[in-house]
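Counting with my numbering, you get residues 209 to 669 for the letters of the sequence shown. Built from N, CA and C at the ideal position, the CB exists for glycine as well. Just so we're clear, the structure is a prediction, and the values are computed from it rather than from any experiment.
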Amino acid sequence: MSRLVVISNRVAVPKARGAAGAQGGLAGALLAALKPQEGLWVGWSGNENDNPPSAPHIQTNDGVTTATIDLHPQDVEEYYNGYANSTLWPLFHYRIDLTEYSRETGKGYERVNDLFANAAAPLIEPDDLVWVHDYHFIPLGERLRNQGLKNKLGFFLHIPWPPTRLLVSLPYHERLVRALLKYDLIGFQCTEWLESFLHYCVKELGAQVDERTGEITIEGRTTTARSYPIGIDYEHFMEEGRSREAGQAEQRIIASTRDRTAMIGVDRLDYSKGLPERLEGLARLFERYPERVRDLVFIQIAPPSREDIGSYQRIRETLEQKTGEINGAYSQIDLVPIRYVNRGHSTAELFGIYRASKVGFVTPLRDGMNLVAKEYIAAQDPDDPGVLILSRFAGAAQQLTEALLVNPHSPDELESAIRTALEMPLAERKTRWNKLSECVRNENISSWTASFLGDLRDANL
Ligand code: F6P
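This is the structure in structure tokens:
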């Protein structure tokens with residue numbers, strides 16, 4: 209069997225795994241994908257270095273070999289903080305108002321893609337399957353081809369693909385998409401993002417698209433694009449749920465909320481997650497039904513993220529201010545309506561926290577998939593399951609149709625969904641949860657990996 213080489217910006221060393229679930233599903237998901245096979249994982253070490261060594265640092269931990277490289281501070285600024293997270297991230301999350309366009313960061317992005325191609329190419333053997341992940345490395349496949357690699361090259365985008373009308377605002381958008389088409393297989397989280405991509409290929413590039421197979425033909429070359437909804441590492445998550453740590457976290461929530469219902473949100477502190485809008489919905493509830501303050505406690509876990517970027521600093525300030533305002537207005541001498549926690553939590557702790565929370569509040573404004581929604585479902589007690597409130601703009605909404613689907617921009621809808629969740633009879637909670645949990649259990653990380661890699665192996669070169 210061919211070896212798997214994964215390339216992604218973040219690399220999780222196995223022992224650091226606990227934090228991955230809370231802070232972005234990608235690293236944890238890839239670790240699960242790599243563990244059963246003898247594979248290699250190439251990415252950024254997370255370190256800045258004024259004199260980065262050109263050869264990657266290779267180590268094997270718990271059966272997974274990683275090859276990581278340090279980046280020069282200017283590379284981090286232009287590639288990671290700049291083009292990846294101040295241009296592509298906001299644009300791909302439909303936030304054209306936050307999107308910054310600069311030649312320097314664009315060049316930095318290309319330079320770092322070259323750097324990774326130079327570092328990875330010598331490590332790749334002729335039979336290896338190469339699987340590149342996320343918006344940091346859109347042009348990497350083209351760069352690897354330029355180095356003479358003939359391997360099958362797959363790419364998976366973990367975030368949304370924007371509508372053509374937004375994408376065309378990106379200078380050199382054509383160059384970026386043409387580079388992406390150099391991969392043999394391109395995967396998206398759901399059909400909505402896939403359809404936007406195919407639309408772009410037809411409208412802007414004049415490509416021939418077969419919507420049934422996902423084949424895109426341009427200038428005599430054919431590549432395939434399909435949707436592969438990512439799932440959680442179900443077995444591992446359930447195993448963590450049986451740990452003492454999970455039980456203790458569950459008890460801490462139960463003991464500290466007493467006769468109030470806990471409603472939980474867990475998100476990287478990112479403007480795409482709709483956190484201020486979520487608070488608006490909660491404020492609307494308390495405004496209309498002040499007595500609900502005694503029924504409900506909202507726990508928002510939000511580990512800070514990308515803290516060097518202005519838009520992230522601003523969203524943090526907004527959130528702190530709104531939390532303070534709502535707590536100030538609705539706290540009573542013996543209770544506070546919102547617990548706002550900036551610390552990350554281990555997978556086991558999260559399991560316990562989800563299980564003790566009878567409402568899951570997952571309302572991003574736009575999200576590639578959202579694995580918190582799936583983890584919340586997996587953690588529920590089958591005899592007394594909680595209710596998931598889910599944004600219709602998360603990729604997960606296409607699969608988790610038995611959740612209470614909401615428009616996160618509407619405080620009225622959020623307010624009414626919270627009341628519906630609090631009042632939902634046990635029989636309805638069970639019926640909904642049974643369907644949701646079947647999907648989360650079956651469409652898991654192993655089936656995701658198997659279906660993408662199966663198609664990549666079959667891809668025609
Ligand atoms: O899932 C999307 C993603 O951007 C991943 O690529 C990334 O690892 C994760 O979110 C967390 O973001 P960051 O790596 O910038 O901390």
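Within 10 angstroms of its Cβ, does residue i collect 16 or more other Cβ (buried), or is it exposed?
{"i": "residue 489", "result": "buried"}
{"i": "residue 411", "result": "exposed"}
{"i": "residue 539", "result": "exposed"}
{"i": "residue 662", "result": "exposed"}
{"i": "residue 651", "result": "buried"}
{"i": "residue 380", "result": "exposed"}
{"i": "residue 575", "result": "buried"}
{"i": "residue 347", "result": "buried"}
{"i": "residue 231", "result": "Confidence at residue 231 is low in this model, with a pLDDT of 46, below 50, so its placement is unreliable and the value that follows should be read with caution. With 16 or more Cβ atoms within 10 Å of its Cβ, residue 231 is classed as buried."}
{"i": "residue 599", "result": "buried"}
{"i": "residue 419", "result": "exposed"}
{"i": "residue 262", "result": "exposed"}
{"i": "residue 456", "result": "exposed"}
{"i": "residue 360", "result": "buried"}
{"i": "residue 541", "result": "exposed"}
{"i": "residue 421", "result": "exposed"}
Give the straight-line distance between the Cα atoms of residue i and residue j, rounded to the nearest whole angstrom.
{"i": "residue 215", "j": "residue 417", "result": "28 Å"}
{"i": "residue 458", "j": "residue 505", "result": "15 Å"}
{"i": "residue 275", "j": "residue 315", "result": "24 Å"}
{"i": "residue 463", "j": "residue 397", "result": "38 Å"}
{"i": "residue 366", "j": "residue 341", "result": "7 Å"}
{"i": "residue 318", "j": "residue 306", "result": "21 Å"}
{"i": "residue 558", "j": "residue 407", "result": "39 Å"}
{"i": "residue 405", "j": "residue 498", "result": "46 Å"}
{"i": "residue 272", "j": "residue 300", "result": "31 Å"}
{"i": "residue 343", "j": "residue 593", "result": "36 Å"}
{"i": "residue 634", "j": "residue 219", "result": "42 Å"}
{"i": "residue 478", "j": "residue 549", "result": "14 Å"}
{"i": "residue 401", "j": "residue 364", "result": "12 Å"}
{"i": "residue 242", "j": "residue 467", "result": "43 Å"}
Could you tell me which residues DSSP puts in a beta bridge with residue i?
{"i": "residue 586", "result": "None; residue 586 has no bridge partner."}
{"i": "residue 430", "result": "425"}
{"i": "residue 470", "result": "505"}
{"i": "residue 530", "result": "Beta-bridge pairing links residue 530 to no other residue."}
{"i": "residue 249", "result": "214, 274"}
{"i": "residue 417", "result": "424"}
{"i": "residue 567", "result": "471, 595"}
{"i": "residue 400", "result": "Answer is none; residue 400 lacks a bridge partner."}
Residues in its own chain within less than 6 Å of residue i by CB, not counting five upstream and five downstream?
{"i": "residue 451", "result": "556"}
{"i": "residue 649", "result": "442"}
{"i": "residue 226", "result": "Note that residue 226 scores a pLDDT of 39, beneath 50, so its modelled location is shaky and nothing firm can be said."}
{"i": "residue 313", "result": "286, 290, 291"}
{"i": "residue 566", "result": "469, 594"}
Take residue i and list the residues in its own chain whose beta-carbon comes closer than 8 Å to its own, dropping the five residues that flank it on each side.
{"i": "residue 484", "result": "523, 526, 527, 530"}
{"i": "residue 534", "result": "487, 490, 491, 494, 545, 546"}
{"i": "residue 655", "result": "439"}
{"i": "residue 210", "result": "335, 336, 337, 665"}
{"i": "residue 453", "result": "554, 556, 557, 560"}
Leaving out five residues before and five after residue i in sequence, what residues of the same chain have Cβ atoms less than 7 Å from its Cβ?
{"i": "residue 465", "result": "505"}
{"i": "residue 445", "result": "555, 559, 583, 586"}
{"i": "residue 325", "result": "348, 351, 352, 355"}
{"i": "residue 628", "result": "612"}
Answer yes or no: the CB of residue i versus the heavy atoms of the ligand GDP, is any distance below 7 Å?
{"i": "residue 235", "result": "With respect to the ligand GDP, the structure shown offers nothing to examine, as its ligands consist of the ligand F6P."}
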